[in-house]
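Asks:
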Amino acid sequence: MALPQRVKIVEVGPRDGLQNEPQSIDAAVKVELIERLGNAGLPVVEAGAFVSPKWVPQMAASAEVLTGIRRREGVSYPVLVPNMKGLEAALAAGAEEIAVFGAASESFSQRNINCSIAESLERFRPVIEGATAQGLRVRGYVSCVLGCPYEGAIAPEAVARVSAELYRMGCYEISLGDTIGTGTPLKAQRMVETVAQDIPMERLAAHFHDTYGQALANLYAVMGLGIATVDSSVAGLGGCPYAKGASGNVATEDVVYLLDGLGIDSGVDLERLAATGRWISDKLGREPTSKVARALAARAGA
Ligand code: HMG
Ligand code: MG
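Just so you know, we're using our numbering here: the sequence shown kicks off at 35 and counts up by one.
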């Protein structure tokens, strides 16, 4: 198993994490969170989502957040965009990178973005073209790659079809979302191998939620196939408002600890990251779900 020497971590906490929080969070807190994450060495920090505020109220202030960040050289701040209206708003707020988000499951597509998979792809086409013409980079997400809350098992071939379509349309990277965290290592490998028949491995990212505690095992399995981009969320914040029971993304602290232990470079400072995780968890009045964060806090207190 040849593990990568370097892994790029895409920090999704300020978007995937906070989109599911019941309480309202000030834009200033989000801005500070994003800046702290950049200072901890994260090269990509997803900053928000230009979606309907009726669907996801927590992301309503994304323009204020994106314009409020003191951008750090070398860090990108992508935002989710579901349609042309979202693209216009993202451009007005100075976005340099966006992400469109589709699904490998019809039912999830309907619940999440109110259209079929085929309709979503037609909707994304002008978004990707328009963004690319303006010099923006476009990432593509595919949800439910290892299971759907409404349909159960999803065939790897269905994941590969949507992924290949988004890649052909111009997405530079395809992020494979185990939205409800039901995947296990061999299934994750089979899915990645199937998708990688059409897309170079270095263009794929693993976006695993940790609902069943399998995310680190799944990441280790797919890194062994050559996956070198990993999405994660500080303190394990997160979930998806349209995936009942989905808990947070795999915690960034846990991923960095794993990578450090394997001698894989991520450029992230674990101490600064863990301090940021504690800070945002305090603001939200909760404990980090990250085991590494808890262990570090216990050691510091001992
Ligand atoms: P719709 O209702 O079909 O859209 O929703 P519509 O075009 O008919 O518009 C309805 C209303 O929304 C109108 O307002 C529009 O102006 C407004 P009204 O006239 O009623 O006042 N609207 C917008 N407002 C702001 N920004 C926009 C926008 N578009 C329309 N961009 C739509 C379709 C896609 C908009 C809606 O379903 C939506 O916003 N969905 C987003 C759901 C979402 O954000 N889910 C979470 C992110 S995905 C995720 O977490 C998974 C991921 O992490 C990977 C994984 O883990 O699997 C990425
Ligand atoms: Mg997600």
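Backbone N, C-alpha and C fix where the C-beta goes; we use that ideal spot for every residue, glycine too.
At a cut-off of 7 Å, is D50 close to ligand 2 when judged by its beta-carbon and the heavy atoms of the ligand?
Replies: Yes - ligand 2 has a heavy atom lying nearer than 7 Å to the Cβ of D50.
Asks: Does the distance between the C-beta of W89 and the nearest non-hydrogen atom of ligand 1 fall short of 7 Å?
Replies: Correct: W89 has its Cβ closer than 7 Å to ligand 1.
Asks: Can you have a look at G72 and say buried or exposed, based on whether 16 or more other CB atoms are within 10 angstroms of its CB?
Replies: Buried, by the Cβ-count rule.
Asks: Identify whether N283 lies in helix, strand or coil by the three-state DSSP scheme.
Replies: Note: N283 maps to strand in three-state DSSP.
Asks: Can you tell me which of V44, A95, G217 puts its alpha carbon nearest to the alpha carbon of D60?
Replies: Residue A95 is the option with its Cα nearest to D60.
Asks: Per the DSSP calculation, L318 is bridged to which residue(s)?
Replies: Beta-bridge pairing links L318 to no other residue.
Asks: Suppose the cutoff is 6 Å on Cβ atoms and the five residues either side in sequence are ignored; what does the same chain contact list for L271 look like?
Replies: Only G47, G51, G282 meet the Cβ criterion.
Asks: Output the distance between the C-alpha atoms of Q168 and A329, rounded to the nearest integer angstrom.
Replies: Roughly 45 Å separates the two Cα atoms.
Asks: Report whether the distance from the Cβ of T213 to the nearest heavy atom of ligand 2 is below 7 Å.
Replies: Yes, the beta carbon of T213 sits closer than 7 Å to at least one heavy atom of ligand 2.
Asks: Given that a residue counts as buried once 16 or more other Cβ atoms are within 10 Å of its Cβ, and exposed if not, what is E191?
Replies: Exposed.
Asks: Among the candidates R106, A334, G174, V179, whose CA atom is the shortest distance from the CA of R237?
Replies: Here the closest residue by C-alpha is G174.
Asks: Let me know the alpha helix (DSSP H) ranges lying completely inside the segment 79-114, each 4 residues or longer, listed in chain order.
Replies: Within the segment 79-114, the complete alpha helix (DSSP H) runs of at least 4 residues are 96-102.
Asks: Less than 7 Å between the CB of L125 and some heavy atom of ligand 1, yes or no?
Replies: Because no heavy atom of ligand 1 lies under 7 Å away, the Cβ of L125 does not count as near it: no.
Asks: Put E131 into one of helix, strand or coil per three-state DSSP.
Replies: E131: strand per DSSP, three-state reduction.
Asks: Return the chain-ordered list of same chain residues with a C-beta closer than 7 Å to the C-beta of R159, the five sequence neighbours on each side being excluded.
Replies: M203.
Asks: Only counting the same chain, and skipping five residues up and downstream in sequence, which positions put a Cβ closer than 8 Å to that of D232?
Replies: The residues are A194, S197, A198, Y201.
Asks: Can you list, in chain order, the stretches of the beta strand (DSSP E) that have 3 or more residues and sit fully within the segment 215-285?
Replies: With a minimum length of 3 residues, the continuous beta strand (DSSP E) runs that stay inside the segment 215-285 are 238-242, 263-266.
Asks: When we look at the beta-carbon of E156 and count the other beta-carbons within 10 Å, is it buried (16 or more) or exposed?
Replies: When all chains shown are included, E156 counts as exposed.
Asks: Using a Cβ-based criterion (distance less than 7 Å to any ligand heavy atom), does N283 qualify as near ligand 2?
Replies: Yes, since a heavy atom of ligand 2 falls inside the 7 Å radius drawn around the Cβ of N283.
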